[in-house]
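Notes follow once the structure below has been shown.
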Amino acid sequence: RQEERLWYSPPAPVPTSPACRTGAVLLFPNSSGEHSAVLALGPHRGLRAVSLCAWLATPAPRLGVLLSYSTADGHSGLAVHGHGGDGPGSARFILGNGKFRELPVVPLLDGEWHHLCLTWSSGQGQYRFYLDRRLLAAGSGFQQGYEIPAGGSLVLGRGQDGPNTDLGPAEGFVGHLAGLALWRRALLPGEVRSTGQPVTGWDSP
Numbered sequence: 001r002q003e004e005r006l007w008y009s010p011p012a013p014v015p016t017s018p019a020c021r022t023g024a025v026l027l028f029p030n031s032s033g034e035h036s037a038v039l040a041l042g043p044h045r046g047l048r049a050v051s052l053c054a055w056l057a058t059p060a061p062r063l064g065v066l067l068s069y070s071t072a073d074g075h076s077g078l079a080v081h082g083h084g085g086d087g088p089g090s091a092r093f094i095l096g097n098g099k100f101r102e103l104p105v106v107p108l109l110d111g112e113w114h115h116l117c118l119t120w121s122s123g124q125g126q127y128r129f130y131l132d133r134r135l136l137a138a139g140s141g142f143q144q145g146y147e148i149p150a151g152g153s154l155v156l157g158r159g160q161d162g163p164n165t166d167l168g169p170a171e172g173f174v175g176h177l178a179g180l181a182l183w184r185r186a187l188l189p190g191e192v193r194s195t196g197q198p199v200t201g202w203d204s205p
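Using full-length UniProt numbering, read the sequence shown as starting at 1 and increasing by one per residue.
This is the structure we're talking about:
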């Protein structure tokens, strides 16, 4: 359902990997946070469900800040990042100010292309984390009843400053990112699998 997408990277066919089948590829060369991308302003109304899918390749020992969504007054609505105080193979899926779930990301940290999907719905607080079309983590009761606030900005590759934005000692994302897309609903498992179909015959980044 194309109309349900909130943001997406523009199509520009650049075959760069044996796994990534999408177009435009963003490069984040170091963890300083100086290299980032702002895709768009946030939705005009709050979100009570969301799905996030992307292709990424990172050689870094930690995930860093993959993305952050915050409103103008500094309220953090959504973020995905490897936290400096966590193990190198752990990342945090954050909803709201300070509420998070740990995600296992060890398979991501090998420099190869991988497909990542996160889904969440407010009704039961259900979330699912998929890597390369396989379910790696799931749970319920996470921010049940919460609504991601409208009117914010989505930044790729670094965190955002603000009085209510605390990502801790996290560094910027290092690596390649492509095909980022968000939906205002929780994708079904079959839909996740269809977004992550692999393609072979291209070179690694």
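Glycine included, each C-beta is placed from N, C-alpha and C at the ideal position.
Does DSSP classify residue i as helix, strand or coil?
i, result
"R45", "coil"
"T195", "helix"
"residue 245", "Absent from the model: residue 245. The displayed extent of the chain is 1 to 205, so no value can be given."
"P107", "helix"
"G151", "coil"
"G179", "strand"
"G172", "strand"
"G190", "helix"
"A60", "coil"
"A24", "coil"
Take residue i as the anchor and find which of the options has the nearest alpha-carbon.
i, options, result
"S31", "P59, S140 and S51", "P59"
"W94", "L118, G111 and W113", "Checking the sequence shown, residue 94 turns out to be Ile, not Trp. Among L118, G111 and W113, the Cα nearest to that of I94 belongs to L118."
"A150", "Q160, H44, A57 and P104", "H44"
"V38", "H176, G152 and L116", "G152"
"F173", "R101, E112, R62 and L131", "R62"
"L136", "A91, A178 and G175", "A91"
"A56", "A72, D132 and I148", "It should be noted that the sequence gives Leu, not Ala, for residue 56. Checked all of A72, D132 and I148; the closest Cα to L56 is D132."
"L78", "L154, E112, C53 and L180", "L154"
"G159", "A24, S70 and G179", "S70"
"S76", "C53, F100, A54 and G89", "F100"
"A54", "L47, G190, P189 and L182", "L182"
"G111", "V192, A24 and L177", "L177"
"W113", "G74, G179, V192 and G46", "G179"
"P29", "L109, A138 and G175", "G175"
"G96", "F129, W120 and E171", "W120"
"R185", "S36, V25, F129 and R48", "R48"
"G46", "E171, L156, G157 and I148", "I148"
Please classify residue i: is it buried, with 16 or more other beta-carbons within 10 angstroms of its beta-carbon, or exposed?
i, result
"E34", "exposed"
"R134", "exposed"
"V50", "buried"
"L27", "exposed"
"S140", "exposed"
"G98", "exposed"
"L187", "buried"
"G190", "exposed"
What residues match up with residue i in a beta bridge as DSSP calls it?
i, result
"R92", "H81 and E102"
"T119", "S51 and R128"
"R134", "L131"
"Y69", "L78 and L154"
"G159", "For G159, which the question treats as bridged, DSSP gives no partner whatsoever."
"F142", "Bridge partners of F142: none, in fact."
"H114", "L56"
Cβ of residue i versus every heavy atom of the ligand MG: is any distance shorter than 8 Å?
i, result
"L52", "The ligand content of the structure shown is nil, which means the ligand MG is not present either."
Given 8 Å, three or more beta-carbon pairs between the segment 112-125 and the segment 140-152: yes
The segment 186-199 contacting the segment 65-72, beta-carbon criterion three pairs below 8 Å: no
Any 3 or more C-beta pairs closer than 8 Å across the segment 93-112 and the segment 74-83: yes
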